[in-house]
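Q:
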């Protein structure tokens, strides 16, 4: 099996990406501390054609050398906005018809593999601080909590890995929308 | 929805993890440069009860401060071995009945969501260097190449994110084995 060269992958240019169909998903980063994680979320959002990334609170915004290290240019293709308060982002999203899902371990959280992603639905997926997770006040404003089932010794996954898994799961179920 | 405290998650202790049922998956890191990525793979492998992580070539081994930053102790729970040559790891795995799958974009690669994970199968999943990917010689020794479908401007995902997505997908399909 011959490995393909980058040019054989026929990826789209940034300009084409801007107007290409997206999956109806917005990623909300609620006070994510690490620029490594933020950059990685951009790169994953590029790969799976996420609509937009909302950067909130202490989450750093591009352009920044540390974000670029893991985003590798995906901050140019993927749309983003900054909000000082995560709550303001959620108010706007709900007004625009998005179902708000915090990725958290909470009472009544739904396991990722059981969460019913609906065709025609629009989803905002909220990821929180590396230690504190999503703030309780933001969880309280959410329609659902989605939990990634975990069976080991540690309490959580890296933020960029959690985002990768959840975005992939939503992409699998919504990718018909990008043809 | 009240967020759960860490102690309410009832994660297992390291000793219990050692003897707990695992999914029949070994992760092979073929010359992964970043200790951040290696640590993150350990943390994900802990969450989804991966059998073992095989660290090959230039891939750093624990204990190391830089691995610990992202593994956060998962190098204590998850079994691992070091191989100077990735090929030697693959020879051992094939001898022990593992189907070897390189995660690569190659001619005849199978898209992740289409790959038939079989009950009763044992899988070695090979992830490569951050820039070069899995070496062609290692791809040549593999039974399959699995590709994560990507629809953006960039050519690949971060190694730790790729590993998260692929491990999650195999876990979803094999988790019946851990009851």
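Residue numbers (the working numbering), protein chains in the order written: chain A, 1 to 179; chain H, 180 to 358.
By construction, the Cβ of each residue, glycine as well, lies at the ideal position given by its N, Cα and C atoms.
Being a predicted model, the structure only gives us computed values, none of them experimental.
1. As a quick exercise: from 201(H), 222(H) and 257(H), pick the residue whose alpha carbon is nearest that of residue 193(H).
2. Under DSSP, the beta strand (DSSP E) around residue 281(H) begins and ends at which residues?
3. At 8 Å on the CB atoms, spell out the chain A contacts of residue 193(H), in chain order.
4. In the structure shown, what three-state DSSP assignment does residue 213(H) receive?
5. Would residue 196(H) count as contacting chain A if we go by Cβ distances under 9 Å?
6. At a Cβ threshold of 9 Å, is residue 103(A) touching chain C?
7. How would you call residue 248(H), buried or exposed, if buried means at least 16 neighbouring beta carbons within 10 angstroms?
8. Going by Cα to Cα distance, which pick from 105(A), 94(A) and 83(A) is closest to residue 134(A)?
9. Return the bridge partner residues of residue 147(A) from the DSSP annotation.
10. Go to residue 174(A), then tell me how far its beta strand (DSSP E) extends in each direction, as first and last residue.
11. Please confirm whether residue 100(A) and residue 143(A) have their CB atoms less than 9 Å apart.
12. Counting C-beta neighbours from all protein chains within 10 Å, is the total for residue 244(H) 16 or more, i.e. buried, or is it exposed?
13. From the DSSP output, in three-state form, read off residue 40(A) for me.
14. So for residue 234(H), helix, strand or coil by DSSP?
15. When you compare each of 250(H), 237(H) and 251(H) to residue 264(H) by their alpha carbons, which one comes out closest?
16. Should the region 344 to 355 of chain H be regarded as contacting the region 156 to 173 of chain A, the criterion being three or more beta carbon pairs within less than 8 Å?
17. What residues are listed by DSSP as bridge partners for residue 359(H)?
18. Thinking residue 241(H) and residue 302(H) are a contact (beta carbons under 8 Å), I'd like their distance in whole angstroms, please.
19. Return the chain-ordered list of same chain residues with a C-beta closer than 7 Å to the C-beta of residue 82(A), the five sequence neighbours on each side being excluded.
20. Determine the direct distance from the alpha carbon of residue 151(A) to that of residue 226(H), and round the result to whole angstroms.
21. Out of curiosity, what's the CA-to-CA distance linking residue 132(A) and residue 107(A)?
22. Does chain A have any CB closer than 9 Å to the CB of residue 235(H)?
23. How many Å lie between residue 115(A) and residue 145(A) at the Cα?
24. Is the beta carbon of residue 28(A) closer than 9 Å to that of residue 89(A)?
25. Let me see if you follow: with CB-CB separation under 9 Å, is residue 185(H) close to chain A or not?
26. In angstroms, rounded to a whole number, what distance separates the CA positions of residue 154(A) and residue 67(A)?
27. Among 156(A), 102(A), 174(A) and 177(A), which one has its Cα closest to the Cα of residue 181(H)?
28. I'd like the span of the beta strand (DSSP E) that includes residue 250(H), first residue to last.
29. Would you say residue 318(H) reaches chain A, if we count a Cβ-Cβ gap shorter than 9 Å as a contact?
30. Measure the alpha-carbon distance for residue 147(A) versus residue 110(A) and round it to whole angstroms.
31. Starting from the beta carbon of residue 357(H), find every residue of chain A whose beta carbon is closer than 9 Å, and list them in chain order.
32. Which value, in whole angstroms, describes the spacing of the CA atoms of residue 183(H) and residue 189(H)?
33. Please name the residues in the region 156 to 170 of chain A whose beta-carbon is closer than 7 Å to at least one beta-carbon of chain H, in chain order.
34. Would residue 220(H) and residue 308(H) qualify as a contact pair, given that the criterion is a beta-carbon distance under 9 Å?
35. Identify, in the order they occur along the chain, each residue of the same chain with its Cβ nearer than 8 Å to the Cβ of residue 266(H), setting aside the five sequence neighbours on each side.
A: Result, derived from the coordinates:
1. 257(H)
2. 278 to 282
3. 153
4. coil
5. yes
6. Judged by its chain identifiers, the structure shown contains no chain C, and its protein chains are A and H.
7. exposed
8. 105(A)
9. 111(A)
10. Run containing residue 174(A): none in the beta strand (DSSP E); it sits in the alpha helix (DSSP H), 159 to 174.
11. yes
12. exposed
13. helix
14. strand
15. 237(H)
16. yes
17. There is simply no residue 359(H) to check, as chain H begins at 180 and stops at 358 in what is shown.
18. Wrong, their Cβ atoms sit about 23 Å apart, outside the cutoff.
19. 55 and 61
20. 5 Å
21. 16 Å
22. no
23. 10 Å
24. yes
25. yes
26. 26 Å
27. 102(A)
28. Per DSSP, residue 250(H) belongs to no beta strand (DSSP E); it is in the alpha helix (DSSP H), 244 to 250.
29. yes
30. 6 Å
31. 151
32. 10 Å
33. 157, 158, 160, 161, 164, 165 and 168
34. no
35. 316, 317 and 320
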